[in-house]
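J.: With my numbering, the residue at position 909 of the sequence shown is 894, and numbering never jumps. Pasting in a structure now, in structure tokens, and then I'll have a few things to ask.
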Amino acid sequence: MADNGNAKPGGGGSGAYTINLDNFSKRLKVFYDHWKEHNSDLWGSSNAIAIATPPPSEDLRYLKSSALDVWLLGYEFPETIIVFMHKQIHFLCSQKKANLIGTLKKAANDAVGADIVLHVKAKNDSGVGLMEDIVRAVCAQSKSDDPIVGHIAKEAPEGKLLEAWADKLSSSSVQLTDITNGFSELFAMKDTSEITCVKKASYLTSSVMKNFVVPKLEKVIDEERKVTHSSLMDETEKAILDPLKVKVKLKAENFDLKPGASSNDDYLYYDSASVIICAIGARYGNYCSNMARTFLIDATPTQIKAYETLMKAHEAALEALKPGNRMSAVYQAAVDVIEKNAPELLRNLTKSAGTGIGLEFRESGLNLNPKNDRIIKAGMVFNVSLGLHNLQAETKSEKTKQYSLLLADTCLVPLENLTASCSKLLKDAAYSFNDEDEVLPVKKVEVNAKEALPPTKATLRSDNQEMSKEELRRQHQAELAHQKNEAVLLPIYGSMVPFHVSTVKSVTSHQDNRTCTIRIFFNQIKTLRRQVASRESERAERATLVTQEKLHEVVQQIKTLRRQVASRESEKAERATLVTQEKLQLTSNRNKPVRLSDVWIRPAFGGRGRKLTGTLESHVNGFRYSTSRADERVDIMYGNVKHAFFQPAEKEMITLLHFHLHNHIMVGNKKTKDVQFYVEVMDVVQTLGGTRRSALDPDEIEEEQRERDRKNRINMDFQNFVNKVNDHWSQPQFKGLDLEFDVPLRELGFHGVPYKASAFIIPTSTCLVELIETPFLVVTLSEIEIVNLERVGFGTKNFDMAIVFKDFKKDVLRIDSIPSTSLDAIKEWLDTTDLKYYESRLNLNWRPILKTIIDDPQKFIDDGGWEFLNMEASDSETEETEESDQGYEPSDAEPESESEDEDSDSESLVESDEDDEDDSEEDSEEEKGKTWEELEREASNADRENGAESDSEEERRRRKVKTFSKSRPPPERSSFKGGPSKKPKFR
């Protein structure tokens, strides 16, 4: 908010403010004189006036108590109670405010002879005792046991302090009376400094309307772009420079002529007979201004007549704003014009011609309606707003059958239209596109001959320059090759033949000493391709010579058009697979949405322009992120949020909010399930000198402190946003969604390679995430079946983690190159989260394993399920195998038993491909190149021939591990002689 001249920074340091004593003294005397003069009729015969200002709010609201603070003291004093008496002025406030108010004691005594009494409330004190002191002082000053205390009846108490004050007044003997009318009359008369603020606000409003909004609308309509009302509002709001607080409204179609109407997300409609209403309001130094204009598109005669009648009525209302007139006369002047020119429109006229405006957008008691007989005085400021609503247009389109008109200006008495620089004449408000296909034949309207064809704003279409037929043909041919038609015109046998750009495969250009040639290859059937190729040389001979620059320009235009069409078709295909989301319900004007400003988004919007930060807002049923560009907006519904994460910056460069979604959404032209909003907490700075700075360098220390402060401030802003959203999610309607921001647990994090680059992976209470590097990693713990820790062994520096999901159709997620120092911590975390894990010496080829399970899940269960991964059981089996190998004897020796021979034969058949290198040359040639299935089959046949029993379950499980393992031999281990294998241990 710009400085209004009342409160100025003092010299005592940053944050210190002083009050303009001259303004305070002058306005305090005006207040007391007005109270004394009109005590019986406007101030309720009050002995004292009590004003209680509520705590600050994020919502933009207009209160009499806040207006009095700004008018008298220069700025708002929240949670402060002021009691005005004839000889004393009591303030109940905090110590900081008391220090500032204490400087006014002499000025108040000199101006009205009243002493300022300060009641300083401690931080944890309720202030009830101080309130009793004030009430006793009121009774003593009025010399009555039941004095009359004036207050603002419509302002309900907010906060503990004001509620306690209201209880104290109601429980005491004082009589309460409403003094709202007194303040309305007091604020109605503006002094010189107030009028200056209103004029500056009005100048700002009219300049934005004239120099930004109107040209913007013209460009949108002329280019036939699809733009929403809310995006136009956002662009207009950002076009007004800071630090002014601006409230901008754009309204169309669903007309609401109330000043509080807000923009919706419907697209701007500008077909024939459509109407666009644009209203802009601004504040400067806490003083408001407002204006509204109506724009007509290919208006019908009835619409033109209605607009001209409204304009005449509005001018009549402005002329009636004269000192000495009653406020009802302003509305009556407008009614008289309507009755004279178009009496049938009288029932559509708004019930008021506007209100007073100043510190409040609508100053109560200053309504320009037929019932208000208050006298207009010099120095008053009014928002003269007149409209016709629910009018009927004779058109085919349902959207334009009902329309409304509105005109509004900010005016100072005596008559001075402060927003007149933006014209409202018909020639500047009506646009003609000569599209008559949607307009029905209307009844003949009786108007003057001069008004039959009113002048319209024709700058969008050139009507004054006549074109020859040849020029029109050339223009039409050029438009055929325009991007709108997405076609390329090629000269074939003297005729221009259009080819859609999607049929173009590639475009090349060639230049020699004599000619410049463009060669176009098509994505067509072979026959047509041969025809094009056969005629290529002929076309080249007939080609017109062009300059090198023109040749390059044509080639680039075709390539650009191909990229645009390909991008659009790709985006269209992506959008076709999206799940339809519910519509975002915006927060009402009274409840300001929770905002997080100046944040970046990942994935970023497409386009070649400069990337912009945006604002993230929390609305009724979802989030909305938008930038200053109209097409850069993303809505995230609460019902589509699967996981929400808040990761403050600690050792990273960014603070972020991350949303992992149930269903994909489009961010620009990218389809994604992960959307992230972040802010960089540190600026990347490169030292030019290259010299190493000392750690004790004061500049270095100061720079580090600034970086810490910036990081803490950003983290706190994000934390406040998260807390407010969590409070919103705690409402009953969101219970079923189970939403809450999750914070990663850095102490449990570990380094690994989930994709191509090393990253720091952090568990949360429900997920395993990596949110800094892209692509993001978000694994829901409840969706994990098992975790297999691979390449675990003595002497290895790293190991891998394979995550198998409950949905076996999903690929196994691998996190490679995890330092072995993190193994125990990961095991402890997996055990704590009740996730079953296994360890193995080798990496497994998981795709065939999962395919085997999917093909025959029952066999997988019968074979022991995942226990084939149990490394301890596998060790025991291997040890048993090694023990049996030790009992093997050469063929020329006598075997100890027949069963040993059979076991040995079985072992040699199974393991001959990788272990038995002493077999005969003949056997090696026979088994060379055989698969494990073939070897298994031969081993089974040999068993049946020898009468041996089938392999044990442990033997089959051991083979399965070898079958799906990578061809890397395990490290050698010493043989172990012992009893039966150990039981699998649940980890």
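Just so it is clear, CB atoms sit at the ideal spot from N, CA and C, and this is done for glycine as well.
With DSSP as the reference, label G591 as helix, strand or coil.
T.: Coil.
J.: For Y272 versus E179, is the C-beta spacing smaller than 9 angstroms?
T.: Closer than 9 angstroms, so yes.
J.: Return helix, strand or coil for E688, following the three-state DSSP convention.
T.: The answer is helix: DSSP assigns E688 an H, G or I state.
J.: Considering only C-alpha positions, which residue in the set T279, T600, S31, T562 is nearest to H649?
T.: Checked all of T279, T600, S31, T562; the closest Cα to H649 is T562.
J.: Write down the C-beta distance between R278 and K409 rounded to the nearest angstrom, noting that I regard them as a contact closer than 8 angstroms.
T.: Confirmed, Cβ separation roughly 6 angstroms.
J.: Unbroken beta strand (DSSP E) runs of length 3 or more, entirely within the region 770 to 827: which are they?
T.: The region 770 to 827 contains these whole beta strand (DSSP E) runs: 783 to 790, 798 to 804, 822 to 824.
J.: Tell me which residue opens and which closes the beta strand (DSSP E) that M622 is part of.
T.: Unbroken beta strand (DSSP E) run through M622: 618 to 622.
J.: Near L146, what residues of its chain come up, given a Cβ to Cβ distance below 7 angstroms and the 5 sequence neighbours on each side ignored?
T.: The answer, listed in chain order, is E64, G112.
J.: What residue range does the alpha helix (DSSP H) around H299 cover?
T.: From DSSP, the alpha helix (DSSP H) with H299 extends over 286 to 304.
J.: Going by alpha carbons, who is nearest to G607 out of F644, T598, D583, E617?
T.: The option with the nearest alpha carbon to G607 is F644.
J.: For L45, count neighbouring Cβ atoms within 10 angstroms of its own Cβ and tell me buried if that reaches 16, exposed if not.
T.: Classification of L45: exposed, given that the 10 Å Cβ count is below 16.
J.: Where does I36 land, buried or exposed, given buried means 16+ other C-beta within 10 angstroms?
T.: By the neighbour-count rule (16 or more Cβ atoms within 10 Å), I36 is buried.
J.: Three-state secondary structure (DSSP) at L58?
T.: Helix, per DSSP.
J.: Measuring alpha carbon to alpha carbon, tell me which of D394, D207, T213, T759 ends up nearest A338.
T.: The option with the nearest alpha carbon to A338 is D394.
J.: Quick one: Cα of F172 to Cα of L344, how far?
T.: Looking at the two C-alpha atoms, the distance is approximately 8 angstroms.
J.: Are Y610 and G624 closer than 9 angstroms when you measure CB to CB?
T.: Not a contact, by the Cβ cut-off of 9 angstroms.
J.: Between P804 and H736, is the Cβ-Cβ spacing less than 9 angstroms?
T.: Yes, these two residues count as a Cβ contact at 9 angstroms.
J.: Assign R693 to buried or exposed, taking buried as 16 or more other Cβ atoms, counted over all protein chains shown, within 10 Å of its Cβ.
T.: Classification of R693: exposed, given that the 10 Å Cβ count is below 16.
J.: Within 8 angstroms, do at least three Cβ pairs link the region 762 to 779 to the region 817 to 827?
T.: In short, these stretches touch, since the Cβ pair count reaches three.
J.: Let me know the secondary structure DSSP gives T612 once reduced to three states.
T.: Coil.
J.: Out of I811, I834, S802, D816, point me to the one whose CA is closest to K795's CA.
T.: Minimum Cα distance to K795 is reached at I834.
J.: With which residues is T385 paired in a DSSP beta bridge?
T.: Looking at the DSSP assignment, T385 forms no beta bridge with any residue, so it has no partner.
J.: Starting from the C-beta of D130, find all residues in its chain whose C-beta is less than 6 angstroms away, skip the five residues before and the five after it, and write them out in chain order.
T.: Result list for D130: S158, in chain order.
J.: Just to confirm the assignment, what range does the beta strand (DSSP E) spanning K655 have?
T.: 655 to 665 is the extent of the beta strand (DSSP E) around K655.
J.: Could you check if S715 is buried or exposed, using at least 16 other CB atoms within 10 Å of its CB as the buried criterion?
T.: That one is exposed.
J.: Have a look at the DSSP bridge pairing and note the partners of L373.
T.: DSSP lists L334, L390 as partners of L373.
J.: Give the single residue among I686, V134, M786 whose Cα lies nearest to the Cα of I811.
T.: Nearest option by C-alpha distance: M786.
J.: Can you tell me whether F779 is buried or exposed, with buried defined as 16 or more other CB within 10 angstroms of its CB?
T.: Counting Cβ neighbours within 10 Å, F779 comes out exposed, since fewer than 16 surround it.
J.: Distance, Cα to Cα, S767 vs F853?
T.: Each residue's alpha carbon lies about 23 angstroms from the other.
J.: Got a sec, what are the start and stop residues for the beta strand (DSSP E) D163 sits in?
T.: Where D163 is concerned, the enclosing beta strand (DSSP E) stretches over 160 to 163.
J.: Tell whether a beta-carbon distance below 9 angstroms holds between Y416 and I206.
T.: Yes, these two residues count as a Cβ contact at 9 angstroms.
J.: Could you round the C-beta distance between S50 and I164 to whole angstroms and report it? I think they count as a contact, below 8 angstroms.
T.: About 11 angstroms; that fails the 8 angstroms criterion.
J.: Please report the residue range of the alpha helix (DSSP H) in which Q80 lies.
T.: 80 to 86 is the span of the alpha helix (DSSP H), which, as asked, contains Q80.
J.: If contacts are defined as beta-carbon pairs under 8 angstroms, then S187 and T404 qualify, I think. What distance do you get, rounded to the angstrom?
T.: Correct: roughly 5 angstroms between the Cβ atoms.
J.: So, for V427: in the same chain, excluding its five sequence neighbours on each side, which residues have a beta-carbon less than 8 angstroms away from its beta-carbon?
T.: Note that V427 has pLDDT 35, beneath the 50 cutoff, so the model's placement of it is unreliable and the number below is only indicative. Result list for V427: T285, P286, T287, E379, in chain order.
J.: Report the CB separation of M622 from E685 in whole angstroms; it is logged as a contact under 8 angstroms.
T.: No, M622 and E685 are not in contact; Cβ-Cβ is about 47 angstroms, not under 8 angstroms.
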